[in-house]
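Notes follow the structure.
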Amino acid sequence: MTFHQPDAIRYYTFQSFDEEHIKHAVFTRKGGLSPEPWSSLNVGGLRGDDPQRVYQNRVLSFQAVGCDPASVYDVWQVHSTDVIWTNNSRPASVRHRKADAILTDRPEVTLFMRFGDCVPILLCDPAKGVVGIAHAGWMGTVNGIVVEVIRAMQTAYRCNPKDILAALGPSISVDHYEVGQEVVDLIESKFGRDANELLVRKNDSSHFDLWKANELLLETMGVRNIEIAGICTACNLQDWFSHRGESGRTGRFGALITLDD
Ligand SMILES: [Zn+2]
């Protein structure tokens with residue numbers, strides 16, 4: 105990833121997307137208006153922070169990368185496998201739909217999501233002019249949100265997985281992602297023999313590798329270009345919000361992607 109800090113706001117971009125006709129960013133927590141424990145660029149609306157500040161933080165984020173704040177399309181992220189493709193932005197008067205992946209082929213729409221340990225998955229098909237973003241925690245990973253979003257790119261936009269670029273942003277690393285036995289059971293039933301590679305046992309606990317699991321699922325779908333940031337949110341609290349790393353008292357950072365016309 106490449107780091108940018110044009111002003112107070114600091115964000116990262118993926119190298120593999122740099123040459124394409126898209127604009128994207130994964131925003132750190134720096135440069136916003138919110139006080140602790142949301143300091144400072146919190147874009148999560150359900151974390152106890154003032155909604156007006158949360159809104160302003162999103163506007164500042166968009167402006168920092170030259171995107172019109174009114175071009176936003178976002179959803180209510182619920183750890184589902186539901187994918188939405190949209191031709192329009194979402195005006196403030198229109199309620200969020202529930203979903204965990206969004207796609208568009210319209211340059212006037214900017215896709216936006218919020219993260220605080222779950223994996224931000226950015227997608228782009230330069231051949232078909234399609235961009236997407238998905239949200240994958242353990243549940244979305246086990247249930248295959250990333251499989252569903254690639255399928256949706258194929259059916260809705262006739263994308264060829266070989267053309268798709270995928271990138272996994274900062275999120276919780278396997279070292280800091282302990283999961284309970286009920287989650288281990290689900291991982292083993294979903295991934296079969298591959299589960300061994302995705303689960304790390306430490307003393308009496310099990311840890312889940314969200315990066316490797318989503319990479320594996322993308323490869324299964326035929327996606328060849330996958331960039332992994334390899335940045336752990338819980339280890340880098342100066343830059344990222346981490347639900348686990350801050351015991352739930354924290355905010356959410358944003359990520360956006362749009363076609364650059
Ligand atoms: Zn960590």
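As numbered in my numbering, residues 105 to 365 make up the sequence shown, in order.
Ideal Cβ positions, reconstructed from N, Cα and C, are used throughout, including at glycine.
Any alpha helix (DSSP H) of 4 or more consecutive residues that is wholly inside the segment 155 to 204: 155 to 168
Run of the alpha helix (DSSP H) containing L269, from where it starts to where it stops: Segment L269 to L272 is the beta strand (DSSP E) holding L269; no alpha helix (DSSP H) there.
Beta carbon of E331 nearer than 8 angstroms to that of L341: Not in contact: E331 and L341 (Cβ atoms no closer than 8 angstroms).
Distance, T337 Cα to Q167 Cα: 24 angstroms
Runs of beta strand (DSSP E) lying entirely within the segment 218 to 284, each at least 3 residues, in chain order: 223 to 229, 234 to 240 and 269 to 272
Presumed contact (8 angstroms Cβ cut-off) between G236 and G355, rounded CB distance: Going by Cβ atoms, the distance from G236 to G355 rounds to 24 angstroms, so no, they are not a contact pair.
Terminal residues of the beta strand (DSSP E) in which A129 lies: I126 to F131
Heavy atom of ligand 1 within 7 angstroms of H311 beta-carbon: no
Nearest candidate by alpha-carbon position, reference A270, set D153, L321, R305 and P141: L321
Status (buried if at least 16 other CB within 10 Å, exposed otherwise) for K127: A residue is called buried once 16 or more other Cβ atoms fall within 10 Å of its Cβ, and K127 is buried on that count.
Test item, CB below 5 angstroms from any non-hydrogen atom of ligand 1: S277, H280, C336, A338 and C339
T337 - DSSP class collapsed to helix/strand/coil: coil
Beta-carbon separation (whole angstroms), L145 vs F357, contact threshold 8 angstroms: 7 angstroms
Which of helix, strand or coil DSSP assigns to K306: In this structure, K306 counts as strand in the three-state DSSP scheme.
Three-way DSSP call (helix, strand, coil) for T354 in this model: coil
Simplified DSSP assignment, three categories, for L145: coil
Coarse secondary structure for A299, derived from DSSP in three states: helix
Exposed unless 16 or more other CB atoms sit within 10 angstroms - verdict on P224: buried
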